[in-house]
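See below for the structure under consideration.
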Amino acid sequence: MKNSLNTISRLMLLAFSMFLLYSCAKDEDTPPVSTTDFSEGIFIVNEGLFPSGSGSVTWFKMDGSDRTPKLFEKSNNLLPLGNLAQSMTIINNDGFIVVNNANIIRAVSLKTFQQKGAIEGINLPRFIVNTGDGNAWVSSWDNKVFVFDPEALTVQGEVSTGTGPEKMMKVGEALWVLNQGGYSIDSTITIIDINARQVSQTVMVYPKPTGIQVDENGNVWVMCSGHGWNGWPASGDSRGHLVCIDPSDYSILVDLEFPETDQHPEKLEINAGGDELFYIYPGGIYKQSIASANLELAKIMNHANGFYSLDFDSKNDVIYATDAGDFQQDGWVYRFQTTGTLIDSLQAGVGPTDVCIGN
721 MKNSLNTISR LMLLAFSMFL LYSCAKDEDT PPVSTTDFSE GIFIVNEGLF PSGSGSVTWF
781 KMDGSDRTPK LFEKSNNLLP LGNLAQSMTI INNDGFIVVN NANIIRAVSL KTFQQKGAIE
841 GINLPRFIVN TGDGNAWVSS WDNKVFVFDP EALTVQGEVS TGTGPEKMMK VGEALWVLNQ
901 GGYSIDSTIT IIDINARQVS QTVMVYPKPT GIQVDENGNV WVMCSGHGWN GWPASGDSRG
961 HLVCIDPSDY SILVDLEFPE TDQHPEKLEI NAGGDELFYI YPGGIYKQSI ASANLELAKI
1021 MNHANGFYSL DFDSKNDVIY ATDAGDFQQD GWVYRFQTTG TLIDSLQAGV GPTDVCIGN
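Numbering (our numbering) for the sequence shown: 721 to 1079.
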């Protein structure tokens, strides 16, 4: 009888121990539900390891504190974001994360970052623009842009463009689409009538248009990198150009040519006043006054390794520049004043490629 009681006691103790172990393991695997309101903060989109790693989103409070890496996974029961994360756009109170290789756009609540739904089936999506009419547009390396309903998460139509459409901007009632070339080279801008959803004009510029902004006068500035890649000089390389276009007749008002064929300008941002442009050029960040008739090549921040992407917080007049490093370990995001004074640096994830500022 005594042996039987001992056996029962041991079995009960074993069962209780297994229960505790299971409970602890479950608690470790399942991240706790956050009570943080993420809507007011900095969202850093990280590409992730290529070709099989998952992208991620790193979140910071605006003052640079309270870092949350892998925010999407932690807010969605460890669901991977997908490969490769490309960009993020805020529409009303939701965030739309474009995941390039996974061919998916994930919609999340900006407050909780929990997924609300997704749009699938758009091949190699790149960037999103909200046109403010209840619709948004996304560029795709299928040489198309797609219009979708951000509430219903349904695709409403598509328009063919040039090769490798990337950045876009709404100018009046038109959508300007930069055709950068994808895996090849393009030198055009596709102008789409937003209401008619059809091409109204194709504007020829220079190879690889990479950035677009509208200045205080309503004119459109486009940065063209030129043929070639930084760090890989070749005989067919061409100079970059910064051009200013009159949107009323598409004439080129200003054409500023860069001096070297093997050094290519990239990206383009503009300050809150609409009179100073910022761009990446080998070795750092440069600025250009829209009033200048000459290319100033005014370096405001030196960075020997070069920056990967450039974004601008127009609410606070702050420049964000990412350093992706070797794309194998965490990169960094640097914040600067428009004078070039460093504010701070933020540790991101692998391959930081886009910075999105919350509401």
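All residues carry an ideal CB built from backbone N, CA and C; glycine is no exception.
In this text, all values refer to a predicted model and were calculated from it rather than measured experimentally.
Margin query: Between Gly-773, Ser-772 and Lys-781, which has its C-alpha nearest Asn-1079's C-alpha?
Written below: Nearest option by C-alpha distance: Lys-781.
Check: What's the gap between the Cα of Leu-898 and the Cα of Ser-859?
Finding: Between the alpha carbons of Leu-898 and Ser-859 lies a gap of roughly 9 Å.
Next item on the list: Compute the beta-carbon to beta-carbon distance between Val-1070 and Gln-1049, rounded to the nearest angstrom, for a pair I have assumed lies under 8 Å.
Entry: About 7 Å separates the two Cβ atoms, so the contact holds.
Notebook entry, point to check: Of the residues Pro-979, Tyr-1040 and Val-963, which one's Cα is nearest the Cα of Ile-972?
Noted result: Proximity to Ile-972 across Pro-979, Tyr-1040 and Val-963 peaks at Val-963, based on C-alpha coordinates.
Note to self: Can you check which of these residues, Ser-785, Trp-952, Glu-893 and Leu-769, is closest to Ile-762 by C-alpha distance?
What the structure shows: It is Ser-785 whose Cα lies nearest to the Cα of Ile-762.
Check: So is Ser-1065 buried or exposed if we call it buried at 16+ other beta carbons inside 10 Å?
Finding: Around the Cβ of Ser-1065, a 10 Å sphere holds fewer than 16 other Cβ atoms; the residue is exposed.
Checklist line | Proximity winner among Gly-837, Val-819, Phe-758 and Gln-1057, relative to Pro-845 (alpha-carbon distances) | finding: Among Gly-837, Val-819, Phe-758 and Gln-1057, the Cα nearest to that of Pro-845 is on Val-819.
Note to self: Give me, in chain order, the residues of the same chain whose beta-carbon lies closer than 7 Å to that of Ala-954; leave out the 5 immediate sequence neighbours on both sides.
What the structure shows: Only Gly-948 meet the Cβ criterion.
Next item on the list: Can you grab the Cα-Cα spacing for the pair Gly-854 / Lys-831, in whole Å?
Entry: Taking C-alpha positions only, Gly-854 is separated from Lys-831 by approximately 21 Å.
Notebook entry, point to check: Does the segment 868-875 come close enough to the segment 897-912 to have 3 or more Cβ pairs within less than 8 Å?
Noted result: No, the segment 868-875 is not in contact with the segment 897-912.
Item checked: Minimum C-alpha distance to Ile-1039 - residue among Trp-896, Glu-989 and Lys-790 -> Distances from the CA of Ile-1039 to each of Trp-896, Glu-989 and Lys-790 were compared; the closest alpha carbon is that of Glu-989.
Check: Which residue's Cα is closest to the Cα of Ile-914: Ser-774, Val-891, Asp-814 and Val-974?
Finding: Across the set Ser-774, Val-891, Asp-814 and Val-974, the C-alpha of Val-891 shows the shortest separation from the C-alpha of Ile-914.
Check: Who are the near neighbours of Thr-750 in its chain, counting only those whose CB is closer than 6 Å to its CB and skipping five residues on each side?
Finding: The predicted model places Thr-750 with a pLDDT of 48, which falls under 50 and marks its position as unreliable; any figure quoted below should be read in that light. No residues qualify anywhere along the chain.
Margin query: Can you check which of these residues, Lys-987, Leu-1015 and Asp-783, is closest to Glu-760 by C-alpha distance?
Written below: Checking every option, the nearest Cα to that of Glu-760 belongs to Asp-783.
Margin query: Pull the bridge partners of His-961 from the DSSP assignment, please.
Written below: DSSP lists Cys-944 and Glu-977 as partners of His-961.
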